[in-house]
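A.B. asks:
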Amino acid sequence: MGAARENRYSLSAAEGGGRGERLARRAFGHAHQAEFRHSTALGCYAVAFFRETHPTPDQRSTMSTKKSSALATGTQRRTRTVMNAKAAGYSEASIKVLKGLEPVKQRPGMYTRTENPLHIIQEVIDNASDEALGGFGKQIVVTLHTDNSVSVEDDGRGIPFGMHPEEGVPVVEIVFTRLHAGGKFDKAAGGAYTFSGGLHGVGVSVTNALATRLEVTVWRDNKIAQLAFANGDVVEQLTTRAGERGAKKSGTRVRAWPNPKYFDSANLPLGELQRLLRSKAVLLPGVEVALVIEKTGERQTWKYEDGLRGYLLEGMGGSDLLIPLFEGERYAESSRNTEETFAEGEGASWVVAWSEEGPLLRESYVNLIPTPAGGTHESGLRDGLFQAVKNFVEIHNLQPKGVKLLAEDVFARVSFVLSAKVLDPQFQGQIKERLNSRDAVKLVSSFTRPALELWLNQHVEYGKKLAELVIRQAQARTRAGQKVEKKKSSGVAVLPGKLTDCESTDIARNELFLVEGDSAGGSAKMGRDKEFQAILPLRGKVLNTWETERDRLFANNEVHDIAVAIGVDPHSPDDQIDLSNLRYGKICILSDADVDGAHIQVLLLTLFFKHFPQLIERGHVCVARPPLFRVDAPARGKKPAQKLYALDEGELEAILDKLRKDGVRETAWTISRFKGLGEMSAEQLWDTTMNPDTRRLLPIGLGDLGFDLTVSRMTMLMGKGEAASRRSWLEEKGNEVEADI
Numbered sequence: 001m002g003a004a005r006e007n008r009y010s011l012s013a014a015e016g017g018g019r020g021e022r023l024a025r026r027a028f029g030h031a032h033q034a035e036f037r038h039s040t041a042l043g044c045y046a047v048a049f050f051r052e053t054h055p056t057p058d059q060r061s062t063m064s065t066k067k068s069s070a071l072a073t074g075t076q077r078r079t080r081t082v083m084n085a086k087a088a089g090y091s092e093a094s095i096k097v098l099k100g101l102e103p104v105k106q107r108p109g110m111y112t113r114t115e116n117p118l119h120i121i122q123e124v125i126d127n128a129s130d131e132a133l134g135g136f137g138k139q140i141v142v143t144l145h146t147d148n149s150v151s152v153e154d155d156g157r158g159i160p161f162g163m164h165p166e167e168g169v170p171v172v173e174i175v176f177t178r179l180h181a182g183g184k185f186d187k188a189a190g191g192a193y194t195f196s197g198g199l200h201g202v203g204v205s206v207t208n209a210l211a212t213r214l215e216v217t218v219w220r221d222n223k224i225a226q227l228a229f230a231n232g233d234v235v236e237q238l239t240t241r242a243g244e245r246g247a248k249k250s251g252t253r254v255r256a257w258p259n260p261k262y263f264d265s266a267n268l269p270l271g272e273l274q275r276l277l278r279s280k281a282v283l284l285p286g287v288e289v290a291l292v293i294e295k296t297g298e299r300q301t302w303k304y305e306d307g308l309r310g311y312l313l314e315g316m317g318g319s320d321l322l323i324p325l326f327e328g329e330r331y332a333e334s335s336r337n338t339e340e341t342f343a344e345g346e347g348a349s350w351v352v353a354w355s356e357e358g359p360l361l362r363e364s365y366v367n368l369i370p371t372p373a374g375g376t377h378e379s380g381l382r383d384g385l386f387q388a389v390k391n392f393v394e395i396h397n398l399q400p401k402g403v404k405l406l407a408e409d410v411f412a413r414v415s416f417v418l419s420a421k422v423l424d425p426q427f428q429g430q431i432k433e434r435l436n437s438r439d440a441v442k443l444v445s446s447f448t449r450p451a452l453e454l455w456l457n458q459h460v461e462y463g464k465k466l467a468e469l470v471i472r473q474a475q476a477r478t479r480a481g482q483k484v485e486k487k488k489s490s491g492v493a494v495l496p497g498k499l500t501d502c503e504s505t506d507i508a509r510n511e512l513f514l515v516e517g518d519s520a521g522g523s524a525k526m527g528r529d530k531e532f533q534a535i536l537p538l539r540g541k542v543l544n545t546w547e548t549e550r551d552r553l554f555a556n557n558e559v560h561d562i563a564v565a566i567g568v569d570p571h572s573p574d575d576q577i578d579l580s581n582l583r584y585g586k587i588c589i590l591s592d593a594d595v596d597g598a599h600i601q602v603l604l605l606t607l608f609f610k611h612f613p614q615l616i617e618r619g620h621v622c623v624a625r626p627p628l629f630r631v632d633a634p635a636r637g638k639k640p641a642q643k644l645y646a647l648d649e650g651e652l653e654a655i656l657d658k659l660r661k662d663g664v665r666e667t668a669w670t671i672s673r674f675k676g677l678g679e680m681s682a683e684q685l686w687d688t689t690m691n692p693d694t695r696r697l698l699p700i701g702l703g704d705l706g707f708d709l710t711v712s713r714m715t716m717l718m719g720k721g722e723a724a725s726r727r728s729w730l731e732e733k734g735n736e737v738e739a740d741i
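The sequence shown lines up with residues 1 to 741 when you count with the UniProt record's numbering.
1) Among residues of its own chain, excluding the 5 on either side of M680, which ones have a beta-carbon nearer than 7 angstroms to its beta-carbon?
2) Does DSSP put S489 in a helix, in a strand, or in coil?
3) Residues in its own chain within less than 8 angstroms of H38 by CB, not counting five upstream and five downstream?
4) Around the Cβ of V460, are there at least 16 other Cβ atoms within 10 angstroms (buried) or fewer (exposed)?
5) Do T710 and L702 have their CB atoms nearer than 8 angstroms?
6) So if DSSP puts E244 in a beta bridge, which residue, or which two residues, is it bridged to?
7) Which word fits L538, buried or exposed, when buried means at least 16 other C-beta atoms lie within 10 angstroms of its C-beta?
8) Using only alpha-carbon positions, find the residue among R630, L238, L443, T177 that is nearest to V332.
9) Using three-state DSSP, classify T448 as helix, strand or coil.
10) Ignore the nearest five residues each way along the sequence and tell me which others in R362's own chain have a CB closer than 7 angstroms to its CB.
11) Can you list, in chain order, the stretches of the alpha helix (DSSP H) that have 4 or more residues and sit fully within the stretch 114 to 147?
12) From what residue to what residue does the alpha helix (DSSP H) around A565 run?
13) Whole angstroms is fine: what's the gap from T239's alpha carbon to R275's?
14) Hey, would you say S591 sits closer than 8 angstroms to R630, going by beta carbons?
15) Quick one: is V422 buried, meaning 16 or more other Cβ sit within 10 Å of its Cβ, or exposed?
16) Using only the alpha-carbon positions, how far apart do E357 and S319 sit?
17) Look up T371 in the DSSP assignment and say whether it is helix, strand or coil.
18) Under 8 angstroms Cβ to Cβ from L312, same chain only, skipping five residues before and after it: list those, please.
19) Can we count L604 as close to the ligand NAD, meaning its CB is less than 7 angstroms from some heavy atom?
20) Taking its Cβ as the centre, do 16 or more other Cβ atoms sit within 10 Å of V235, making it buried, or is it exposed?
21) Measuring straight from C-alpha to C-alpha, what distance separates W455 and E327?
22) Taking the alpha carbon of G286 as the reference point, which residue from A420, S355, I140 has its own alpha carbon closest?
23) Cutting at 8 angstroms between CB atoms, please list the residues of its own chain near F609, excluding the five before and the five after it.
24) With a threshold of 16 other CB atoms inside 10 Å of the CB of T177, please say whether the residue is buried or exposed.
25) Is K643 helix, strand or coil by DSSP?
26) Could you check where the beta strand (DSSP E) with D154 kicks off and where it finishes?
27) With respect to the beta strand (DSSP E) encompassing E511, which residues constitute its N-terminal and C-terminal limits?
28) Sort R550, N556, D551, E511 by Cα distance to L536 and report the nearest one.
29) Is it right to say Q601 is buried, meaning 16 or more other beta carbons lie within 10 angstroms of its own, or is it exposed?
30) Which word fits L237, buried or exposed, when buried means at least 16 other C-beta atoms lie within 10 angstroms of its C-beta?
31) Taking the continuous alpha helix (DSSP H) assigned at T252, which residues delimit it?
32) Which residue or residues does DSSP assign as beta-bridge partners of V234?
33) Counting along the chain, where does the alpha helix (DSSP H) carrying T694 start and finish?
34) Could you pull the DSSP bridge partners for S364 from this structure?
35) A641 to R528, Cα distance in whole Å?
36) In the DSSP assignment, find the unbroken beta strand (DSSP E) run with L435 in it and report its ends.
What follows is the structure, encoded as structure tokens:
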């Protein structure tokens with residue numbers, strides 16, 4: 001194991017020491033000061049995921065010196081920390097254990113969207129839909145009452161209200177007061193909910209926790225049961241009475257009064273609610289879904305006889321179709337069949353349309369749960385369609401020379417509605433906007449690809465029309481320069497004008513420094529070893545590319561220049577990428593040693609992790625660590641004057657402590673703090689940051705969380721729609737702040 005492996009940063013470690021954690025803490029401080037005014041600044045918190053997991057022996061020695069020095073000197077900063085802890089009365093009694101629904105009340109953003117109450121109402125609607133999905137209900141009615149409460153009623157089996165055999169509490173009470181409780185965890189054959197969206201088991205309990213009042217009425221076994229809650233607690237105990245003689249009514253009605261204090265707006269977005277209910281009707285053939293608005297007396301009813309087909313055509317607004325709809329469904333029949341990796345009943349139904357112009361409709365669902373952020377089932381559909389069209393083009397020899405088809409060419413003008421059934425679906429958080437189940441890619445792809453291949457070869461003329469559209473998209477993409485290509489001129493690659501390239505052709509040795517700002521870039525150009533070190537200065541902060549589609553990635557000049565300079569096309573983790581055109585063995589991020597510099601690091605690491613993940617996987621991406629402080633110590637005895645550099649405050653304290661031990665008076669040394677790389681001379685930058693013998697260069701790699709969990713965590717940190725989750729995360733980690741303000 002070399003030093004590079006010993007000194008590795010992690011993209012996914014949530015805890016850890018080193019400069020990454022300190023930078024993250026400073027970022028926390030700035031964020032609290034700004035009261036979350038700038039959501040893009042939250043990107044710098046991702047630095048908390050970059051840590052040193054295995055320090056080298058030299059580093060361990062330095063760390064030991066730092067620790068012993070800090071203990072010996074009892075510095076003012078650490079003393080102040082201890083005093084603050086005592087003043088705050090921090091002891092065993094300070095540790096609070098949240099019970100019942102308290103975690104939801106304390107951190108609502110971790111369990112639901114907090115823009116408005118729609119999501120907590122959707123949890124109740126999802127339960128009613130699950131009953132219909134299981135074949136136990138034919139009607140769902142949602143009522144908006146004049147007192148701002150919302151009720152959801154179904155004609156399913158009704159929630160059991162007998163005593164739970166283990167808990168000794170009515171089952172219906174447990175469902176609404178306990179997290180991770182429900183029939184959806186029973187996955188035995190014939191379980192209550194073999195396929196359902198409520199895997200987490202916290203759905204309706206979250207609704208209860210965030211409502212000032214919630215009333216439940218159950219019709220079951222010719223009895224009527226009722227109970228009520230206030231702020232998550234039972235206020236009216238369960239009562240039961242006999243139903244009307246001869247009546248065979250069954251079902252559940254839940255009426256909730258959302259608590260306005262938990263939401264940015266107390267009003268339900270009517271348009272979103274209508275779309276949600278309409279989609280439920282589409283996905284539940286034969287089930288009537290109704291919305292009643294008491295204030296106006298209006299009643300809207302949805303019941304789709306044509307299912308997905310009718311819904312898609314309606315959503316496309318009458319756009320002309322290039323070819324007839326491609327629709328179908330397939331589910332694994334049993335574990336003894338060829339789909340042995342899938343559980344019986346897993347599969348998907350879909351309807352897909354291609355159009356040359358007009359609006360596109362793209363919606364996906366997992367076990368009736370809308371997934372507006374897509375996920376692995378959509379990736380499976382994308383892969384299945386692409387492979388089928390690609391195979392058709394190759395079989396019929398339709399592909400022009402020099403044109404390479406990509407999945408985005410097939411998907412560019414696609415509208416679709418996809419409904420997948422997945423056993424034990426793994427969602428991104430309780431909000432369930434994105435499916436993370438890895439097997440869903442293969443599940444949907446393996447079912448859609450052969451079906452489309454067969455259809456295209458049965459309808460060759462339609463297949464050729466589709467191939468022509470896809471090829472035109474590929475040619476347009478190439479002409480627009482949306483794909484990174486080395487353009488040759490007299491045999492010399494046309495590289496970005498800002499790039500100061502190196503002379504060596506030894507790729508393994510070559511290094512590219514991505515430098516923050518032109519002034520720092522000037523110092524780096526003068527201080528570098530021009531034989532193997534190249535410099536690309538960046539102006540300002542790079543675009544947050546976490547949610548940027550690949551075909552729009554190069555609209556940003558800085559991102560385009562980086563991609564052209566390194567010589568590698570954007571790709572996904574599973575792509576078979578050709579790295580033979582990679583121009584540098586190391587791509588080094590060099591930014592200021594402050595919060596803004598950390599933010600730039602995160603934006604660049606986001607770019608590489610999202611769009612160039614195999615560069616990280618293969619160890620090509622590094623972070624340079626410039627010092628924050630310089631100490632000028634005078635000559636003493638036979639020792640000449642020294643210039644000592646400190647990475648951060650901890651190292652500065654260790655240096656000063658050693659000078660004191662050497663007998664140097666505190667008035668004899670001077671301390672300088674670098675405001676940025678631009679303040680460093682070329683010589684200083686070489687000595688501290690670029691010289692392979694003296695610099696600190698940290699390779700970036702995945703940590704213990706693994707790829708999928710890292711993606712989930714980075715989505716929380718860098719995603720545009722994750723403000724509530726970020727706020728909750730900040731509140732949870734706020735006690736670790738070490739502000740540099």
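Quick reminder that beta carbons are idealized off the backbone N, C-alpha and C, glycines included.
C.D. replies: On the basis of the coordinates in this document:
1) The residues are S523, F674.
2) Note on S489: pLDDT 39, under 50, position unreliable in the model; no value is reported.
3) At H38, the pLDDT of 33 sits below 50, so the modelled position is not reliable; the number obtained from the coordinates is stated separately. Hits under 8 angstroms: none found.
4) exposed
5) yes
6) According to DSSP, E244 bridges with nothing at all.
7) Residue environment for L538: buried (at least 16 other C-beta atoms within 10 angstroms of its C-beta).
8) A small fix is needed here, since residue 332 is Ala in this sequence, not Val. Comparing C-alpha distances from A332 to each of R630, L238, L443, T177 shows the shortest one belongs to L443.
9) helix
10) Excluding residues within five positions, the ones whose Cβ falls inside 7 angstroms are S415, F416.
11) 118 to 133
12) 557 to 566
13) 36 angstroms
14) no
15) By the 10 Å Cβ count, V422 comes out buried.
16) 7 angstroms
17) coil
18) So the qualifying residues of the chain are L325, V351, A353, L361, S415, F416, V417.
19) Here there are no bound small molecules, and the ligand NAD is not part of this structure.
20) exposed
21) 10 angstroms
22) I140
23) L11, I616, T710, M714
24) buried
25) strand
26) 150 to 154
27) 511 to 516
28) E511
29) So Q601 counts as buried.
30) It should be noted that the sequence gives Gln, not Leu, for residue 237. Looking at its Cβ environment, which holds fewer than 16 other Cβ atoms inside 10 Å, Q237 is exposed.
31) Run containing T252: none in the alpha helix (DSSP H); it sits in the beta strand (DSSP E), 251 to 258.
32) F229
33) For T694, there is no enclosing alpha helix (DSSP H), since its DSSP letter is neither H nor E.
34) L418
35) So the alpha carbons of these two residues sit roughly 25 angstroms apart.
36) No beta strand (DSSP E) holds L435; DSSP gives it neither H nor E.
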